[in-house]
Amino acid sequence: MDSGIRAASPDALIPLKDALPPAGLLYTARMRGQEMRDADGVFTQFHEALRLPDYFGWNWNALRDCLCDLHWITATHFLVVIDDGAAALSEAPDEREILLRALDDAVTFWTGRPGLPGQERRTFEVVLLGPPAAGSHH
17 MDSGIRAASP DALIPLKDAL PPAGLLYTAR MRGQEMRDAD GVFTQFHEAL
67 RLPDYFGWNW NALRDCLCDL HWITATHFLV VIDDGAAALS EAPDEREILL
117 RALDDAVTFW TGRPGLPGQE RRTFEVVLLG PPAAGSHH
């Protein structure tokens with residue numbers, strides 16, 4: 017899948033300029049893939065990490081809608097990080113594809129949305145962290 021979702025090892029070596037957050041208000045939502053084994057786990061992790069509103073419908077369409085809104089969070093840049101991303105919905109490949117498509121749709125939405133006059137353009141990035149590289153000493 018060619019998308020705005022990046023996969024990385026937690027101990028990957030990257031240039032410092034790529035590790036620095038963008039200027040502006042940054043909101044990082046860090047989730048645990050091990051607790052996202054089923055759809056309810058996914059929705060719970062997103063609900064907690066992104067403080068989804070009370071009207072969140074606890075289904076895939078509602079998650080996609082919320083990811084393309086986020087008006088309840090005062091931020092210019094959003095970073096969604098899923099630790100052990102391979103574990104998320106690993107036992108439900110069809111639903112995993114729906115999750116990845118929803119995340120990719122959000123990246124595409126925020127990338128294509130023009131900034132409003134006098135406001136900085138909002139960004140939305142997703143990183144799926146894998147296990148540490150072999151031989152890592154963490």
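Counting in this note's numbering, the sequence shown runs from 17 upward without gaps. Positions of the beta carbon are idealized from the N, C-alpha and C atoms, including for glycine. Bear in mind that the values here come from a model prediction, so they are computed numbers and not experimental data.
Grab me the residues of residue i's own chain with a C-beta within less than 7 Å of its C-beta, minus the 5 sequence neighbours each way, in chain order.
i, result
"residue 23", "101, 144, 146"
"residue 79", "59, 62, 118"
"residue 104", "49, 52, 58, 98, 112, 115"
"residue 136", "40, 92"
Got a sec, what are the start and stop residues for the alpha helix (DSSP H) residue i sits in?
i, result
"residue 114", "109 to 128"
"residue 59", "55 to 65"
"residue 77", "76 to 83"
For residue i, list the residues DSSP reports as bridge partners.
i, result
"residue 45", "96"
"residue 139", "93"
Between residue i and residue j, which are expected to be in contact by the criterion C-beta below 8 Å, what is the C-beta distance as a whole number of angstroms?
i, j, result
"residue 138", "residue 87", "So it is not a contact: roughly 10 Å between Cβ atoms."
"residue 122", "residue 84", "6 Å"
Please report the residue range of the beta strand (DSSP E) in which residue i lies.
i, result
"residue 22", "21 to 24"
Only counting the same chain, and skipping five residues up and downstream in sequence, which positions put a Cβ closer than 6 Å to that of residue i?
i, result
"residue 184", "Outside the displayed range of the chain (17 to 154) lies residue 184, so it cannot be described from this structure."
Closer than 8 Å by C-beta to residue i: which residues in its own chain qualify, once you throw out the five before and the five after it? Chain order, please.
i, result
"residue 82", "62, 66, 68, 69, 72"
Go ahead and label residue i buried or exposed: buried means 16 or more other beta carbons lie within 10 angstroms of its beta carbon, across all protein chains shown.
i, result
"residue 89", "exposed"
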